[in-house]
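Here the numbering used here runs 17 ahead of the position in the sequence shown, where the first position is 1. Ideal Cβ positions, reconstructed from N, Cα and C, are used throughout, including at glycine. Nothing here was measured: the structure is a model prediction, and the numbers come from that model.
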Amino acid sequence: MSAQSLRLSPNLCPSLTEEVYNKLKEENINNGIDLLSRDAEELAAKTRISYKVIQNICKVLNAYHGAFQMTGLELYNEAMKSCFIMSSGFKELDKILEGGLFSEEILEIFGVAGCGKTSLCLRISCHIASVEKGKIIYIDPMHSVNAAFARSILNSLLFSCRGKPFV
Numbered sequence: 018m019s020a021q022s023l024r025l026s027p028n029l030c031p032s033l034t035e036e037v038y039n040k041l042k043e044e045n046i047n048n049g050i051d052l053l054s055r056d057a058e059e060l061a062a063k064t065r066i067s068y069k070v071i072q073n074i075c076k077v078l079n080a081y082h083g084a085f086q087m088t089g090l091e092l093y094n095e096a097m098k099s100c101f102i103m104s105s106g107f108k109e110l111d112k113i114l115e116g117g118l119f120s121e122e123i124l125e126i127f128g129v130a131g132c133g134k135t136s137l138c139l140r141i142s143c144h145i146a147s148v149e150k151g152k153i154i155y156i157d158p159m160h161s162v163n164a165a166f167a168r169s170i171l172n173s174l175l176f177s178c179r180g181k182p183f184v
């Protein structure tokens, strides 16, 4: 967050009057960061601004620009709502991945040409789409898989999974 985004100006809040603003300027407090980094009691004594007024301005700055505070439990519960583990369809791979694939995660698979990376990815995609009822984004940066090839593999996999061809 930049100092510019925490610029102080009169009437930012009812406590920040023109008079209070000018007293803060005299103490080289030009923005919210300057104000928030100073000890409120010392500043009140130096400027003869009420401690409550300084605290009120700081509260307003924090409300406008501060992060929402959450407890660890709230963060955990929020993460658990949006993140879950899905089976890859391969028990050994799930074991290596400590339970499976996490939702909202990117998994990169690499290896030498012809070792089965594409087949593995398509089989995992098929499993997640058909069994786990998940949505898949398959990214092929090398453009090594054409649509007809992928469709034929997915058709055979889906047919064996559910008996329905992939369109």
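- Message: Is the separation between the beta-carbon of residue 37 and that of residue 70 shorter than 8 Å?
- Response: Against the sequence shown, residue 37 aligns to sequence position 20. Against the sequence shown, residue 70 aligns to sequence position 53. A contact, by the Cβ cut-off of 8 Å.
- Task: Below 7 Å CB to CB, which residues in the same chain sit around residue 58 once its five sequence neighbours on both sides are set aside?
- Result: As a position in the sequence shown, residue 58 is number 41, starting the count at 1. Only residues of its own chain outside the window of five on either side were considered, and among them 68 have a CB closer than 7 Å to the CB of residue 58, listed in chain order.
- Message: Let me make sure I understand the geometry here. Which of 160, 82, 73 has the alpha-carbon closest to that of residue 34?
- Response: Within the sequence shown, residue 34 is the residue found at index 17, counting from 1. Closest by C-alpha distance to residue 34, out of 160, 82, 73, is 73.
- Task: Ignore the nearest five residues each way along the sequence and tell me which others in residue 120's own chain have a CB closer than 7 Å to its CB.
- Result: For the purposes of this step, residue 120 is taken as the residue at position 103 of the sequence shown. Once the five neighbours on either side are set aside, the close Cβ partners of residue 120 are 100, 101, 103.
- Query: Terminal residues of the continuous alpha helix (DSSP H) containing residue 137?
  - Reply: Stepping through the sequence shown from its first residue, residue 137 is reached at position 120. Where residue 137 is concerned, the enclosing alpha helix (DSSP H) starts and stops at 134 to 147.
- Query: Of all the options 32, 146, 60, which has the alpha carbon lying nearest to the alpha carbon of residue 43?
  - Reply: Reading the sequence shown from its first residue, position 26 is the one you call residue 43. For residue 43, the nearest C-alpha among the options comes from 60.
- residue 217 versus residue 159 - alpha carbon distance: The chain is shown from 18 up to 184; residue 217 falls before or after that span and cannot be answered.
- Item | Continuous alpha helix (DSSP H) stretch holding residue 64: start and end | Start at 1 with the first residue of the sequence shown, and residue 64 comes out as number 47. It spans 57 to 64 - the alpha helix (DSSP H) in which residue 64 sits, taken as one unbroken run.
- How big is the Cα-Cα spacing for residue 152 and residue 83? Start at 1 with the first residue of the sequence shown, and residue 152 comes out as number 135. Start at 1 with the first residue of the sequence shown, and residue 83 comes out as number 66. Near 35 Å, if we compare the C-alpha coordinates of residue 83 and residue 152.
- Item | DSSP-derived helix/strand/coil call for residue 48 | Stepping through the sequence shown from its first residue, residue 48 is reached at position 31. Here residue 48 sits in strand by DSSP.
- Query: For residue 107, which of helix, strand or coil comes out of DSSP?
  - Reply: Walking along the sequence shown from the start, residue 107 turns up at place 90. It is coil, neither helix nor strand.
- Beta-carbon proximity check, residue 48 vs residue 29, cutoff 8 Å: Position 31 of the sequence shown, counted from the start, is the residue given in the question as residue 48. Position 12 of the sequence shown, counted from the start, is the residue given in the question as residue 29. No, Cβ-Cβ distance for residue 48 and residue 29 is not below 8 Å.
- Query: Roughly how far, in whole angstroms, is the beta-carbon of residue 66 from the beta-carbon of residue 98, given that I think they are within contact range, below 8 Å?
  - Reply: Within the sequence shown, residue 66 is the residue found at index 49, counting from 1. Within the sequence shown, residue 98 is the residue found at index 81, counting from 1. The beta-carbon separation of residue 66 and residue 98, rounded to 44 Å, does not stay under the 8 Å limit for a contact.
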